[in-house]
Each structure stands twice: as structure tokens, then as C-alpha cells.
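Visitor: Have a look at the structure that comes next, please.
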Amino acid sequence: MNNIYSPAISSADKRIETIEVESVYQRNEKAQPLPAYLPVVQFFVGILSSLFPKTAAKIAFNQFRTPRLRAKHKTSDHALEAAKINEILVGSNILKVYEWGRGEKNILLVHGWESRGTAMRAFAKPLIDKGFRVIAIDLPAHGDSGGKRTTLPECAEAITAVINRLGSIEAVVTHSFGGLVLAYASRRLMPNQPIPKAIMMGVPLNFDDMLLKIERIMNFSEKVLPKVNQIIFDIAGEHPIDMNIPMAAHKTQIEELMILHDKNDPISSFKNAEEIHEAWPNSKLVVTEGLGHYRILKYDKVVEKVADFLTK
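Residue 206 in numbering that gives the first Met the number 0 sits at position 207 of the sequence shown, and the numbers go up by one each step.
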């Protein structure tokens, strides 16, 4: 087999596995296209951010913390109908919590930005069948939870509140932004909370990368980002570049980490997975090719791999 990894990671690394994706399931996934009116927005944002960087920074920060949409399900299915739905109050937001099964060991599912907890429901039945109790949450300003805007610390507070209510957690399974949420929560809010196993799928490397991407898309001047960083520092207590997953490797009670990432993920670069794997001694990297960023959540071999990892 050809070496599909960057020079930083050797194909001889026994902590790396590959899930073969059948050709019928392979598809070139593209990032969501940018709106046609974007050049006009970029023009005016560029002028505003050059003349009034402080005002532009406030606008940019609100842009960063406002989901563009709330994910909804077009059709129902057995997993959706079987979920027991509860609500919890975290801060000023009422958050939706979904529950499957009655096992004694708890597994928490944490979704990505502009998604919702039930988007990860494909993992519910296989984990219930193995005796787990599965819990998912709509993060603040997502799904059916309250709020119009949210931040990484607020999302971390939400999952911390759920874990505290559960009392103990066997594993946390995350997708995309959810991996950053877990890393921040376990490092900053619950550094003494044992988490025997964690899974991160399609995860970004750090919060700073997300800000830089939006800065380029919106054409904010170079004067703006430092001011946005200061706003975030005042809220989170650290610079966005420090909100990174490799930094959490030795500062959490996560005992084992599995990183699942598609080689052609158009949203989160495969290099992110490599860097996290390199920094995290007790990690396993599982690679797919052809599933992209979202379909990795529903591919049966990925679901099976996750279930097996959580029961060994």
C-alpha cells in the first residue's frame, strides 16, 4: 500500500489503521459554496475594517459566534423516535438532551458547528447493543437548544454540565468542532474528570485556524484579528491559538484517544489529524478515504470501529 501520510507520520506506525471505503460509498465532497454576493460584502467589510477596526472586530466576533443555520431533520426514523428527550438549564440557555438505552456506563455524543446532537444518532443502537447508555446534546444556539449565539467556552460549559449530572462518563464521541469543545472542557473546566476513552472525527486543529479562515473569507483587514483575539481572551482567558487539541494532550484525564479522519475532508484538513496523533502519545489514528467530513458519521464500518474501540 502506498504511503498516504505526510512525512511527519510514518506508515509503519502501528497506531495507524485504515478503513477501506467501498467504491459505491466514495464521493467527492465539497465545502459549502460561498454566496454570490460575497464580493460586495468583502468590499464594504474591507473598507470598514480599515477605517474602524474596533467596530469591525465587534462585528467579526458576532459573526464568529453566530451559527448561520439550525440543522433540522427532513424525515424521522426509529432512532429519532426512540430518543428520550430532556432539558437542562446551563447559564441562561435551556438545552435539549437526547438519551438512548439504560446501561450503567455513559457515552456522550458531541456534534459539530451548525449541526445537532441527533446528527450522530447512527452510533446510538450499536452502543446500546453493547450495554451503554448514550446521551447527545444540542449545544447552545444549535438544534432545538436556546440561544442565538454561542462561544467555545459556553459549549464546553454545556458538556461539562451534562457530564457532572451523569456523575461518570465512559467515553465522549465528537465530530468536528465538538472535538475542540471536548479538549477545552477537559483541559480548562474538568481537568480531574476521568474520561477513559474519547473519539474525535473530522476535527479542526485549533480555534485560531477557524478564525483565520473566516477572516480571509470576509476580507477583514489585518488590524481586526488582534482585536478579535483580545475579545476572545477576555471571555475565555486565553488566546485562540492556545485553544488547540495538541496542547491538551498532557493536560486532561483522557486516557485513550481515537482520531478518525477522512483523507479528503474538505472542511478540516487531514494534516490536523496527523498533528494531533503525533502530539498525543495514547492515540490511534484511523483513516478513511472517500467519506468526506459528514458522511463519516454514518458509514457502517466507522460506526463499527467506534463501537469496538469503546468496548475493548
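Think of the CB as a built atom: it goes at the ideal place given N, C-alpha and C, for glycine as much as any other residue.
In terms of residue numbering, what span does the alpha helix (DSSP H) encompassing residue 159 cover?
Guide: 151-165
Visitor: Grab the span of the beta strand (DSSP E) containing residue 83 for me, first residue to last.
Guide: 83-89 is the span of the beta strand (DSSP E), which, as asked, contains residue 83.
Visitor: Is residue 273 helix, strand or coil by DSSP?
Guide: In the three-state scheme derived from DSSP, where H, G and I count as helix and E and B as strand, residue 273 is classed as helix.
Visitor: Between which two residues does the alpha helix (DSSP H) containing residue 390 stretch?
Guide: Because the chain is modelled from 0 through 311, residue 390 falls outside the range shown and cannot be assessed.
Visitor: Might you give, ordered along the chain, the residues of its own chain that have their beta carbon closer than 7 angstroms to the beta carbon of residue 67, omitting 5 neighbours on each side?
Guide: 113
Visitor: Starting from residue 180 and walking both ways along the alpha helix (DSSP H), at which residues does that stretch end?
Guide: 176-183
Visitor: Residue 161 to residue 38, Cα distance in whole Å?
Guide: Between the alpha carbons of residue 161 and residue 38 lies a gap of roughly 42 angstroms.
Visitor: Hey, residue 226 and residue 257: beta-carbon distance below 8 angstroms or not?
Guide: no
Visitor: Along the beta strand (DSSP E) that carries residue 199, what are the first and last residues, could you check?
Guide: Under the DSSP assignment, residue 199 falls in the beta strand (DSSP E) whose first and last residues are 194-200.
Visitor: Enumerate in chain order the residues of its own chain whose CB-to-CB distance from residue 213 is below 7 angstroms, with the five nearest sequence positions on each side excluded.
Guide: 62, 63
Visitor: For residue 41, I'd like the list of residues in its chain whose CB is within less than 6 angstroms of its CB, leaving aside the five on either flank, ordered along the chain.
Guide: 218
Visitor: For residue 60, collect the residues of the same chain with a Cβ closer than 7 angstroms to its Cβ; drop the 5 residues on either side in sequence, then sort them by chain order.
Guide: 227, 230
Visitor: Bridge partners of residue 260, per DSSP?
Guide: 286
Visitor: Taking the straight line between their C-alpha atoms, what separation do you get for residue 175 and residue 47?
Guide: A direct Cα-to-Cα measurement between residue 175 and residue 47 gives close to 32 angstroms.
Visitor: Got a sec? Which residues, its chain only, sit under 8 angstroms from residue 169 by beta carbon, not counting five neighbours each side?
Guide: 104, 105, 106, 131, 195, 196, 309
Visitor: Using the three-state DSSP reduction, which class does residue 94 fall into: helix, strand or coil?
Guide: strand
Visitor: Quick check on the DSSP output: the alpha helix (DSSP H) that includes residue 215 runs from which residue to which?
Guide: 206-217
Visitor: How long is the line joining the alpha carbons of residue 56 and residue 271, rounded to whole angstroms?
Guide: 27 angstroms
Visitor: Within the same chain, show all residues whose beta-carbon is closer than 6 angstroms to that of residue 125, passing over the 5 residues directly before and after it, in chain order.
Guide: 302, 306
Visitor: For residue 105, which beta-bridge partners are listed by DSSP?
Guide: 132
Visitor: Would residue 23 be called buried (16 or more neighbouring beta carbons within 10 Å of its own) or exposed?
Guide: exposed
Visitor: Tell me, please, whether the stretch 200-215 touches the stretch 131-143 by the rule of three or more beta-carbon pairs shorter than 8 angstroms.
Guide: no
Visitor: Counting only runs that start and end within the stretch 27-76, where is the alpha helix (DSSP H) found for 4 or more residues in a row?
Guide: 37-50, 52-63
Visitor: Determine the DSSP secondary structure at residue 117, reduced to helix, strand or coil.
Guide: helix
Visitor: Between which two residues does the beta strand (DSSP E) holding residue 234 run?
Guide: Looking at the DSSP string, residue 234 is not in any beta strand (DSSP E); the run it does join, the alpha helix (DSSP H), is 223-235.
Visitor: If you draw a straight line from the alpha carbon of residue 20 to that of residue 244, how long is it in whole angstroms?
Guide: 27 angstroms
Visitor: Distance, Cα to Cα, residue 43 vs residue 221?
Guide: Approximately 15 angstroms, taken between the alpha carbons.
Visitor: Could you check whether the stretch 146-156 touches the stretch 74-88, counting it as contact only if at least three pairs of C-beta atoms, one from each stretch, sit closer than 8 angstroms?
Guide: The stretch 146-156, when compared against the stretch 74-88, does not touch it at the 8 angstroms Cβ threshold.
Visitor: Determine the direct distance from the alpha carbon of residue 158 to that of residue 96, and round the result to whole angstroms.
Guide: The C-alpha of residue 96 lies about 10 angstroms from the C-alpha of residue 158.
Visitor: Would you identify the three-state DSSP class for residue 13, choosing helix, strand or coil?
Guide: Residue state, collapsed to three classes: coil.
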